[in-house]
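Peer 1: In this note's numbering, the protein residues as written are 4 to 440.
Beta carbons: idealized from backbone N, C-alpha and C, even for Gly.
It should be emphasised that the depicted structure is a prediction, and the values quoted were computed from it without experimental measurement.
Rendered as C-alpha cells:
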C-alpha cells in the first residue's frame, strides 16, 4: 500500500486489475485504491508475474502494508488471500475507515476456486498494432481499452494535453462507430462490482454498502453544512460574446495548442479577476482570525462515474488563458483516469462547479471547506432578452445566457460583497476583451 502523501495513513483496495498468475509490466496499472483524499490506480513496481494477492478487494490497510507479491515464474502457485479480519490499528487521532466492498451485491467467496469463471483474454495485438500504438500519446489504461474494443489509436484525434488520447476519446470513438453501423468487438463482460457505467444497474430492494469515496463525500457535505452559514445569490449573464468568440476560435485553438477550447477557463478567469478585487472571497476562517491567501488555488469540481472530486489548479492567478485551459484539461483527464495524487486535491482557496454540463439551469452548491465561497455554473441556453443599444433603444433578441450562483459563508462574506463580486464576474464575461491563447 503506497504512501501517497504525508496525511495519508491507510487505503482501501477497491479493485485488482490483475489476477494471480497474470504477467505484469513495470508501471502497468495493477490495482485501484481509495483513500480519504483520492481514488487512484497503482502501477506495478516491477515486471514479472503476480504470484499472490495478500489483501483482497474491499479491505483497508495501513500504508506500507504488503498487499501482493510479484515474482518470476509462471505463477503456478498463485493464490488469493482470504479477506483480512480487521485492518491494522490506525494511527492515533486518525479517523478509521472500516472495510467496505465496492460491489453492488453480496461479497463473493474469497478462495480462488469459488470465483466466477474468467472471460477469455482479448487476443494480443499484432506487432504492427503495437508499433502504431506506441507512436500515440496515451496511458496504459487507454491502450488496454483500445485493444479490448479493437480500436486503432492512430485513427483517434486526442483531446488531451498535447494531443494525448484519453479514455473518453476511445469511448466516444467506439460509440460513434457503433452508431454508424461499423462492427465493434464487444468488451469483456464485467461484474457489477467493476462496472464503469455512469449509472450501474442495481436490483430494487438491495442494501448496498457505501463506497469509500461516497462515505467521505457524505461526511464532508454534512460537515460543511454544519460549519458554514450558507447563503446563495444568482446572476443572469449574457454569454453571446464569448459563445461567438469560442465558435470562431475553437478549431484553430485545438490545432495550434493541442487542447480543446472550453468555456471553463472563461469562468475561472472571470472569478480570478473578481477574487483579486474582493480577497475576502479567497480567504478562510482560522479560529478568530481570517487567512487571506496569497494566490488563487482554483478547485475545479469533476463529476466521475463513481463520485465527485475537486482537483486544484494551483496559483491559477499566475496563469494566462492558455495555461488555465491546459491545467483544467489535465486535472480533468487525470481525475477520470485515477492519476491524481493527494497533493492535487489539497489547498483550494475557491471552488467552481459546473452542474450546467448536465443540463441544470443553475445549482446551489455546498461550500468546499475550508473555502468561504463556491461558484456554480449553469447551462448555457438561448433565450429572448431585452437588449439596449448605444442610443438607449430597447429590442428583444435571442442571446446565449448562463446563470451563475455564488454560495458563500455569511460568517465572513456579506451579501453586498457577494453581489459586488458577482457583478464584476458578470461584467468581465459580458465585455470579454482578453486574448484567448
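Give me the DSSP bridge partner(s) of residue 295.
Peer 2: Note: residue 295 sits in a beta bridge opposite 286.
Peer 1: In three-state DSSP terms, what is residue 230?
Peer 2: Of the three classes helix, strand and coil, the one that applies to residue 230 here is helix, per DSSP.
Peer 1: What separation, rounded to the nearest whole angstrom, lies between the Cα atoms of residue 188 and residue 63?
Peer 2: Any reading at residue 188 needs caution, since the residue's pLDDT is 40, under 50, leaving its predicted position unreliable; the model's value is listed next. Taking the straight line from one Cα to the other gives about 36 Å.
Peer 1: Assuming residue 388 is part of the beta strand (DSSP E), what are its boundary residues?
Peer 2: Unbroken beta strand (DSSP E) run through residue 388: 384-391.
Peer 1: Excluding five sequence neighbours on each side, which residues of the same chain lie with their C-beta closer than 7 Å to the C-beta of residue 71?
Peer 2: 53, 55, 56 and 57, listed in sequence order.
Peer 1: Where residue 14 and residue 334 are concerned, what is the direct C-alpha to C-alpha distance, given to the nearest angstrom?
Peer 2: Roughly 22 Å between the two C-alpha positions.
Peer 1: Helix or strand or just coil, what does DSSP make of residue 32?
Peer 2: Of the three classes helix, strand and coil, the one that applies to residue 32 here is strand, per DSSP.
Peer 1: Would you mind sorting residue 361 into buried or exposed? The rule is 16 or more other CB atoms within 10 Å of its CB.
Peer 2: Exposed.
Peer 1: For residue 232, collect the residues of the same chain with a Cβ closer than 8 Å to its Cβ; drop the 5 residues on either side in sequence, then sort them by chain order.
Peer 2: Once the five neighbours on either side are set aside, the close Cβ partners of residue 232 are 412, 413 and 414.
Peer 1: Say whether the region 430-438 touches the region 380-395, bearing in mind that this needs 3 or more beta-carbon pairs closer than 8 Å, one atom from each stretch.
Peer 2: As far as the Cβ criterion goes, the region 430-438 does not touch the region 380-395, which means the pair count is below three.
Peer 1: Residues in its own chain within less than 6 Å of residue 398 by CB, not counting five upstream and five downstream?
Peer 2: Closer than 6 Å at Cβ, skipping near neighbours: 390.
Peer 1: Identify which residue in 382, 288, 417 and 378 has its Cα closest to the Cα of residue 403.
Peer 2: Ranking the options by Cα distance to residue 403, first place goes to 382.
Peer 1: Check whether the Cβ atoms of residue 324 and residue 439 lie closer than 8 Å to each other.
Peer 2: Cβ atoms of residue 324 and residue 439: closer than 8 Å.
Peer 1: Which two residues bound the contiguous beta strand (DSSP E) that contains residue 376?
Peer 2: Note, residue 376: beta strand (DSSP E), 376-380.
Peer 1: In angstroms with no decimal places, state the Cα-to-Cα distance between residue 267 and residue 35.
Peer 2: Going from the Cα of residue 267 to the Cα of residue 35 covers about 29 Å.
Peer 1: At 4 residues or longer, what runs of the alpha helix (DSSP H) sit wholly inside the region 228-275?
Peer 2: Whole alpha helix (DSSP H) segments, 4+ residues: 243-260.
Peer 1: For residue 332, name the three-state secondary structure that DSSP assigns.
Peer 2: The answer is helix: DSSP assigns residue 332 an H, G or I state.
Peer 1: Decide if residue 160 is buried, meaning its Cβ has at least 16 other Cβ atoms within 10 Å, or exposed.
Peer 2: Exposed.
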